[in-house]
């Protein structure tokens with residue numbers, strides 16, 4: 007079974023902090039649409 011990507015992996019790929027990825031995925035905070043798009047693209051890539 008392959009290793010699952012972590013928040014740090016997605017953050018590194020998207021060029022944002024792990025905290026930003028956590029906020030975007032949990033919906034606890036407002037994250038800009040452009041940043042959300044970068045995170046989603048990075049998550050699909052890793």
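Numbering (the working numbering), first residue to last: 7 to 52. Quick reminder that beta carbons are idealized off the backbone N, C-alpha and C, glycines included.
*Whole angstroms is fine: what's the gap from residue 17's alpha carbon to residue 48's?*
8 Å
* Asked: On the three-state DSSP scale, how would you describe residue 12?
  -> coil
(Q) DSSP three-state label for residue 38, please. (A) coil
Point to revise | Simplified DSSP assignment, three categories, for residue 23 | key: coil
| request: Assuming residue 26 and residue 36 form a contact by the criterion Cβ under 8 Å, report the distance between their Cβ atoms to the nearest whole angstrom. | output: Wrong, their Cβ atoms sit about 11 Å apart, outside the cutoff.
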